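Below: the structure, in structure tokens.
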């Protein structure tokens, strides 16, 4: 390894304070605003700040043990998560992203899944190859889950029913009142399981009527809460998510989990991120600033938008969604994909505030061409 | 991030050439010979050299995109692997280690698994929660797979039969003549699938009668070859393995794969490792030197050992295996675990040659105490 190639990296520049005269703070000058081709990805609900400086350092410190199986580095992550959530290590299962956690529970429960329409696409994709029935219940006009209708479907289910509730919901960014979910959990018969996907929890935790389903896990083995390091901690590329559930449920999921699916560097980066007390407020505040800029532009242009409690939002477009995405791509913005049945809406993830200022200019151009 | 904490890492020392006056080459001075507690792990068939310097640099260069989902970084790994193996990208499926690949195929095929006894333990563990029958066929006296008896079992199976052949076999380190496997594949009826685990391929490829099952995949959709970056490339902690199979089979496995289970840093490190032409010969030669030292000591002490074509070997012990492992642990060596039914044998992975010199001293002490 040559010093020269090392010092060419952004990391070395950041360490040595030679960030090229930008006004951005040091922790940001090294962060990944753009993809290698120069485009800005506003299509995958990623964190534009990148991983924390503490996580970067932990990865560098962790290089020496990349040749060892990663079980030992996962253990302290589980311990710290247990403390953070006021549970025991036996209440936590790690996965290679929260999507692996969702896949495992779809397989473990094995019963009919009752979910919103639209919602996070990975869950129906995991059900399909195992011929697990999947019921889609349209969101209500306020884009919250139709808990009453989902409950009716569960009541009509023979055998196991699994309520998948993504809250805030992806792709709509909207929240479902947690009082309604609590009522259902409280009164649910024995055949109903609850898979509560809180991937965007930290962006929504201050919202009225929103709280975690965590309070159920100590006493109710049928409630599983799913969280991720991909969003607020910016670790989508490293693959770290987890389930919090009753210890009996965690024991059951442990039996079907892949060996060592969480890699060593994800664990050390996750641990460092948990100890970095600035990470959550920094991500939250940056996202709030970015979203307010975008919301103001959409309102200024009279473009209908859904209320957002996450790091993305949906807004109305005119014309064809694929045309819209292609035109955005030509201007260096990756947005969308299609989220049927909401084909007259685009989902856009927040970049940095300055990205959303530039994106606003593109929206104004689109309006001048009647593309939005 | 402070320069001080960075320069305290072994990486900085290695980069700056301040390796403490050791005679070891630079790429080795930064490598992970010991666990944080000072012990040497000879229990998990890991590569004591650590990941390659090129992989370390690729990880550092890859830090900027850790916040992005890793699909884009996996694509070039698939391309290079396809070229390396003379197949198309459509013949490759990546996984979070080869164990995830094995898990996926156990689930995809869903039929009775016919395997050696003993063999790699993850496969029966993946079958069990899905109530997939698992037949164990004892190894022959020369520790090769009993292909004739496995074939008989398959012939008696109604519905799908899956022949799991780990070659070289873990935990015995022995090879099964590939001519016998080819004969079976050639004559197998339609209900028989072959899951050929070549995790240790690179250590065995020069052995008489040993070759890859790769030649089958273009024409036979029922043969799956499984490889890993955990062993010869030293990447056990990063989680990267893959299947090579007919494109129809890869399409089927793609449908049940977890989204994005391979992390961004594993992909960039894997790609760099594939381009590092010194990595395979360096790992192979270091392992050969280490194994010859251990074999000479075992022979000198008259301790029965199995022939090894991998980075580990099994040798006979006297007395209880747990006592043996505990006594080794007290001396800083992690060895074993139990591999029933071979409970009077210990499995030991190779460390560096100098580790095996020191380990030989421990074996001599054990002999003087009649523990071996």
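Residue numbers (the numbering used here), protein chains in the order written: chain A, 1377 to 1748; chain U, 1377 to 1748. Every residue gets a Cβ at the ideal spot worked out from N, C-alpha and C, and that includes glycine. Note that the structure is a prediction, hence the values are computed from the model and not measured.
Handout entry: Any chain A beta carbon closer than 8 Å to residue 1750/U
Key = Examination of residue 1750/U is not possible in this model, given that chain U is present from 1377 through 1748 alone.
Handout entry: Per-residue DSSP class, three states only, for residue 1621/U
Key = Correct three-state label for residue 1621/U: strand.
Exercise for the section: Taking 8 Å as the threshold, find out whether the stretch 1488 to 1506 of chain A comes into contact with the stretch 1529 to 1543 of chain A through three or more Cβ pairs. Expected result: With a cut-off of 8 Å, the stretch 1529 to 1543 of chain A and the stretch 1488 to 1506 of chain A count as touching, because enough Cβ pairs lie within range.
Practice task
Answer with yes or no whether the minimum CB distance from residue 1475/A to chain U is below 8 Å.
Solution key: Cβ-Cβ to chain U under 8 Å: yes for residue 1475/A.
Problem - Proximity below 8 Å, CB of residue 1726/A to CB of residue 1663/A - result: Cβ distance < 8 Å, so residue 1726/A and residue 1663/A count as in contact.
Exercise for the section: Give every residue of the same chain whose Cβ lies closer than 6 Å to the Cβ of residue 1519/U, excluding the five residues on either side of it in the sequence, and list them in chain order. Expected result: Excluding residues within five positions, the ones whose Cβ falls inside 6 Å are 1548, 1550, 1682.
Practice task
Check each candidate in 1590/U, 1741/U, 1582/U and name the one with the smallest Cα separation from residue 1557/U.
Solution key: Measuring from the Cα of residue 1557/U, the nearest candidate turns out to be 1590/U.
Handout entry: 4-residue-minimum alpha helix (DSSP H) runs that sit fully inside the stretch 1656 to 1736 of chain A, ordered along the chain
Key = Correct list: 1697 to 1706.
Practice task
Count the C-beta pairs between the stretch 1633 to 1653 of chain U and the stretch 1636 to 1648 of chain A that are closer than 8 Å, then say yes if the count reaches three, no if not.
Solution key: The stretch 1633 to 1653 of chain U, when compared against the stretch 1636 to 1648 of chain A, does touch it at the 8 Å Cβ threshold.
Exercise for the section: Assign residue 1552/U to one of two classes, buried (16 or more other C-beta atoms within 10 Å of its C-beta) or exposed (fewer than that). Expected result: Counting the other Cβ atoms within 10 Å of the Cβ of residue 1552/U gives 16 or more, which makes it buried.
Problem - Residues in the stretch 1488 to 1508 of chain A having any Cβ partner in chain U nearer than 7 Å - result: Against chain U - using a Cβ distance shorter than 7 Å - the residues of the stretch 1488 to 1508 of chain A are 1498, 1505.
Problem - Proximity winner among 1546/U, 1657/U, 1588/U, relative to residue 1555/U (alpha-carbon distances) - result: Nearest option by C-alpha distance: 1588/U.
Exercise for the section: For residue 1573/A, decide whether its Cβ has a neighbour in chain U, counting only Cβ atoms nearer than 8 Å. Expected result: Against chain U, the CB of residue 1573/A has no partner CB under 8 Å away; the residue lies outside that interface.
Practice task
May I have a chain-ordered list of the beta strand (DSSP E) segments no shorter than 3 residues that lie completely inside the stretch 1465 to 1549 of chain U?
Solution key: 1468 to 1471, 1488 to 1493, 1510 to 1514, 1537 to 1542, all fully within the stretch 1465 to 1549 of chain U.
Exercise for the section: Return the chain-ordered list of same chain residues with a C-beta closer than 6 Å to the C-beta of residue 1511/A, the five sequence neighbours on each side being excluded. Expected result: Spatial neighbours of residue 1511/A in its own chain (CB-CB distance under 6 Å, excluding positions within 5 residues in sequence) are listed in chain order as 1490, 1529.
Exercise for the section: Under 8 Å Cβ to Cβ from residue 1699/A, same chain only, skipping five residues before and after it: list those, please. Expected result: Contacts found: 1747.
Practice task
Kindly indicate if chain C contains any beta-carbon less than 8 Å away from that of residue 1642/A.
Solution key: This model lacks chain C altogether; the protein chains it does include are A and U.
Exercise for the section: Alpha carbon to alpha carbon, how far is residue 1431/U from residue 1652/U? Give it in angstroms, no decimals. Expected result: Residue 1431/U has its alpha-carbon roughly 9 Å from the corresponding atom of residue 1652/U.
Problem - Residue-chain proximity (residue 1440/A, chain U), Cβ-Cβ < 8 Å - result: Residue contact with chain U for residue 1440/A: present (Cβ-Cβ distance below 8 Å to some residue of chain U).
Exercise for the section: With 8 Å as the threshold, decide whether the Cβ of residue 1742/U is near any Cβ in chain A. Expected result: No, because no Cβ of chain A sits closer than 8 Å to the Cβ of residue 1742/U.
Problem - Contacts that residue 1567/U makes with chain A (C-beta to C-beta distance below 7 Å) - result: In chain order: nothing, as chain A lies at least about 20 Å away.
Practice task
From the DSSP output, read off the bridge partner residues of residue 1570/A.
Solution key: DSSP lists 1539/A, 1599/A as partners of residue 1570/A.
Practice task
Assign residue 1731/A to one of two classes, buried (16 or more other C-beta atoms within 10 Å of its C-beta) or exposed (fewer than that).
Solution key: The residue is buried, with at least 16 neighbouring Cβ atoms inside 10 Å.
Handout entry: Chain-order list of residues whose beta-carbon lies under 7 Å from that of residue 1503/U (same chain, five-residue window excluded)
Key = The answer, listed in chain order, is 1482, 1489, 1510.
Practice task
Verify the CB distance criterion: does residue 1614/A have a CB-CB separation below 8 Å to chain U?
Solution key: Chain U, which has a Cβ nearer than 8 Å to the Cβ of residue 1614/A, makes this yes.
Exercise for the section: With hydrogens ignored, establish whether the beta-carbon of residue 1487/U is closer than 7 Å to any heavy atom of the ligand FAD. Expected result: As for the ligand FAD, it is missing from this structure, which has no ligand bound.
Practice task
Check the Cβ of residue 1342/U against every Cβ in chain A and list those closer than 7 Å, keeping chain order.
Solution key: The structure shown does not extend to residue 1342/U, since chain U is modelled only from 1377 through 1748, so no value can be given for it.
Practice task
Determine the DSSP secondary structure at residue 1416/A, reduced to helix, strand or coil.
Solution key: Judged by DSSP in its simplified three-state form, residue 1416/A adopts strand.
Handout entry: Top-ranked residue by Cα proximity to residue 1757/U, from 1478/A, 1506/A, 1440/A
Key = It is not possible to answer for residue 1757/U, since the shown part of chain U is limited to 1377 through 1748.
Practice task
Would you decide whether residue 1672/A is buried or exposed? Buried here means 16 or more other CB atoms lie within 10 Å of its CB.
Solution key: Counting C-beta atoms within 10 angstroms of its own C-beta, residue 1672/A has fewer than 16 neighbours from the protein chains shown and is therefore classed as exposed.
Exercise for the section: Name the one or two DSSP bridge partners that residue 1348/U has. Expected result: No answer is possible for residue 1348/U: the residues shown for chain U start at 1377 and end at 1748.
Problem - residue 1586/A vs residue 1607/A beta-carbon contact at 8 Å - result: The Cβ atoms of residue 1586/A and residue 1607/A do not sit closer than 8 Å to each other.
Exercise for the section: Determine, using beta carbons only, whether residue 1657/U comes closer than 8 Å to chain A. Expected result: By this cut-off, residue 1657/U is not an interface position.
Practice task
Compile a chain-ordered list of the residues in the stretch 1612 to 1638 of chain A whose CB is closer than 7 Å to at least one CB of chain U.
Solution key: Listed by position, the residues of the stretch 1612 to 1638 of chain A near chain U (Cβ gap below 7 Å) are 1612, 1613, 1614, 1615, 1631, 1632, 1634, 1635, 1636, 1637.
Exercise for the section: Grab the span of the alpha helix (DSSP H) containing residue 1456/A for me, first residue to last. Expected result: Taken as a continuous stretch (DSSP letters only), the alpha helix (DSSP H) holding residue 1456/A covers 1447 to 1461.
Exercise for the section: Measuring only between beta-carbons, confirm whether residue 1417/U sits less than 8 Å from chain A. Expected result: Residue contact check for residue 1417/U against chain A: a CB pair falls below 8 Å.
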